[in-house]
Amino acid sequence: MEYKIVRAVSDDDYRICDSMMSKLINFESTIDPLLNSGVVVNGFNKSVASNDSFVGYATNGSPIGYVCALLNHKKGSVNATNMISIDTLYVEEPYRGQGIAKALVSSVEEWAYSLYKDDYSLEITTLTHNKSAMDIYSHLGFSPVRVTLRKEKGE
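Shown next as structure tokens:
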């Protein structure tokens, strides 16, 4: 399948990315009861766009995947390297397993390399119950580093 990765630069690009982010949040709301369903993201991707971020999407004429990555921590007295967080990674269900997530992460890596050469690390957070995401991230070379624990009210 032919597709290309587009780095968001126009208002139309940002609207596409907001729409894809909405789909991800609404999917995750079926796994995490603390996420609202029916969420419509509006303006988030444009608001984070800068030299310290990569916002992009995969398209084959229609949007089929999306990624948003941010420089989370600069190298300095605390961090030994520049830490880039992939905040959002989403591929439309019919296109999963076709290398699109890998291409989106590769685009983030190319962007990071252009800024920091080999002086960066990537991290991504996902829901522990999202087995397909855990599997693809492992396949892409990510490994668990820390765990977030949650305590609900009244527990």
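Positions 0 to 154 (numbering that gives the first Met the number 0) are the ones given, in order, by the sequence shown.
We put the beta carbon where it would ideally sit given N, CA and C, even for glycine.
What's the C-alpha gap between residue i and residue j?
i	j	result
Lys-45	Tyr-13	6 angstroms
Ala-100	Pro-62	13 angstroms
Asp-11	Val-107	20 angstroms
Arg-6	Asn-78	27 angstroms
Pro-93	Gly-75	42 angstroms
Leu-112	Tyr-119	Residue 112 is actually Tyr in this sequence, not Leu. Cα to Cα, the separation comes out at about 8 angstroms.
His-138	Ile-85	16 angstroms
Cys-67	Gly-98	17 angstroms
If you measure between the beta carbons of residue i and residue j, is that distance less than 8 angstroms?
i	j	result
Ile-123	Leu-148	no
Ile-4	Leu-103	yes
Ala-48	Val-40	no
Met-133	Tyr-65	no
Ser-28	Ser-21	no
Asn-155	Tyr-2	Residue numbering for the chain in the displayed model covers 0 to 154; residue 155 lies beyond these limits and cannot be assessed.
Over the uninterrupted alpha helix (DSSP H) stretch that includes residue i, give me the two end residues.
i	result
Val-39	Run containing Val-39: none; DSSP gives neither H nor E here.
Ser-61	Per DSSP, Ser-61 belongs to no alpha helix (DSSP H) and is neither H nor E.
Arg-14	10-27
Out of the options, which one is the CA nearest neighbour of residue i?
i	options	result
Ser-105	Asp-11, Phe-141, Asn-129 and Glu-92	Phe-141
Thr-125	Arg-6, Val-40 and Leu-23	Leu-23
Ile-83	Phe-43, Leu-34 and Glu-109	Glu-109
Tyr-115	Gly-37, Ser-137 and Asn-50	Asn-50
Ser-131	Cys-16, Ser-9 and Arg-95	Arg-95
Leu-33	Val-40, Asn-25 and Val-54	Asn-25
Could you give the residue range of the beta strand (DSSP E) that holds residue i?
i	result
Lys-73	Looking at the DSSP string, Lys-73 is not in any beta strand (DSSP E), and its letter there is neither H nor E.
Ile-4	3-6
task: Just list the alpha helix (DSSP H) runs in the segment 90-145, keeping only unbroken ones of 4 residues or longer that don't cross its boundaries, in chain order.
output: You should have 99-115 and 130-138.
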